[in-house]
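Start counting the sequence shown at 1; every next residue gets the next number (my numbering). Quick reminder that beta carbons are idealized off the backbone N, C-alpha and C, glycines included. For clarity, every value in this text was computed on a predicted model and none was experimentally measured.
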Amino acid sequence: DDDLSMRNEIVVSADLSTASIMAAALVRMKERSFLTFPLRDMLNFNCWLATMPAANLNEYGVRVAGTKPASLALQEVAVSISRLELNVKCVSCTSPGFEELAQMLSSPEGIEDATMVANKVSYY
Numbered sequence: 001d002d003d004l005s006m007r008n009e010i011v012v013s014a015d016l017s018t019a020s021i022m023a024a025a026l027v028r029m030k031e032r033s034f035l036t037f038p039l040r041d042m043l044n045f046n047c048w049l050a051t052m053p054a055a056n057l058n059e060y061g062v063r064v065a066g067t068k069p070a071s072l073a074l075q076e077v078a079v080s081i082s083r084l085e086l087n088v089k090c091v092s093c094t095s096p097g098f099e100e101l102a103q104m105l106s107s108p109e110g111i112e113d114a115t116m117v118a119n120k121v122s123y124y
């Protein structure tokens, strides 16, 4: 039915003013590697990864069941966004009300609502 046929080509971008990411993880490290860790490499992420024991993998690269526990376990991730602004631009839209929707998302109330939803969804 041609009355229900709609075509919407849009461009969506997001502006974040401030975002904080907090993570809690359990990390297994080889004791000797940790105790002999050079202070000059303190900020080198790859050096920290090298202190973790490698997992036993099968021929498919999957960890073998019943072996050592995982070297890294992510316990919790929280993202806090102070302001999220969604910019929706209608390139070619046939849906009725789509321009109004784009304007509502860019309004102060739309920005506040988008920020609230992003903060609720981003908690793991």
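*On a CA-only basis, which of R32, K68, A114 and G97 is nearest D15? Give me that one, please.*
As a position in the sequence shown, residue 15 is number 15, starting the count at 1. The option with the nearest alpha carbon to D15 is A114.
*From which residue to which residue does the beta strand (DSSP E) around M22 run?*
The sequence position of residue 22 within the sequence shown is 22, counting from 1. First-last of the beta strand (DSSP E) with M22: A19 to V27.
*Straight-line Cα distance separating R32 from L54*: Indexing the sequence shown from 1 puts residue 54 at position 54. Indexing the sequence shown from 1 puts residue 32 at position 32. What sits at residue 54 in the sequence shown is Ala, not Leu. If I take the Cα positions, the gap works out to 15 Å.
*What whole-angstrom Cβ distance do M29 and T94 have, given they're in contact under 8 Å?*
Working through the sequence shown from its first residue, we reach residue 29 at position 29. Working through the sequence shown from its first residue, we reach residue 94 at position 94. That belief does not hold up - the Cβ atoms of M29 and T94 are roughly 58 Å apart, past 8 Å.
*asked:* Count Cβ pairs between the stretch 10 to 26 and the stretch 64 to 82 that sit closer than 8 Å; are there 3 or more?
replied: Contact holds: three or more Cβ-Cβ distances are below 8 Å.
*Exposed or buried, L84, counting other C-beta atoms within 10 Å across all chains shown (16 or more means buried)?*
For the purposes of this step, residue 84 is taken as residue 84 along the sequence shown, with counting starting at 1. Here L84 is buried, its C-beta having at least 16 other C-beta atoms within 10 Å.
*Quick one: Cα of A50 to Cα of L101, how far?*
Mapped onto the sequence shown, residue 50 falls at position 50. Mapped onto the sequence shown, residue 101 falls at position 101. When rounded, the separation of the alpha-carbon atoms in A50 and L101 is 50 Å.
*Could you pull out every unbroken alpha helix (DSSP H) segment of at least 4 residues lying fully inside the stretch 36 to 72, listed in chain order?*
Qualifying alpha helix (DSSP H) stretches, in chain order: 45 to 50.
*Anyone know if the C-beta pair for A73 and M22 falls short of 8 Å?*
Here residue 73 refers to the residue found at position 73 of the sequence shown. Here residue 22 refers to the residue found at position 22 of the sequence shown. No, the Cβ-Cβ distance between A73 and M22 is not below 8 Å.
*Whether N119 touches S106 by CB criterion (8 Å)*: Counting from 1 along the sequence shown, the entry for residue 119 is found at position 119. Counting from 1 along the sequence shown, the entry for residue 106 is found at position 106. At a Cβ-Cβ threshold of 8 Å, N119 and S106 do not count as neighbours.
*Closer than 7 Å by C-beta to V91: which residues in its own chain qualify, once you throw out the five before and the five after it? Chain order, please.*
In the sequence shown, residue 91 corresponds to position 91, counting from 1. If we look at V91 and ignore the five residues flanking it on each side, its Cβ neighbours are E9, I10 and V11.
*What three-state label does DSSP hand K89 in the structure shown?*
The count along the sequence shown starts at 1 and reaches residue 89 at position 89. In the three-state reduction of the DSSP assignment, K89 falls in the strand class, which pools E and B.
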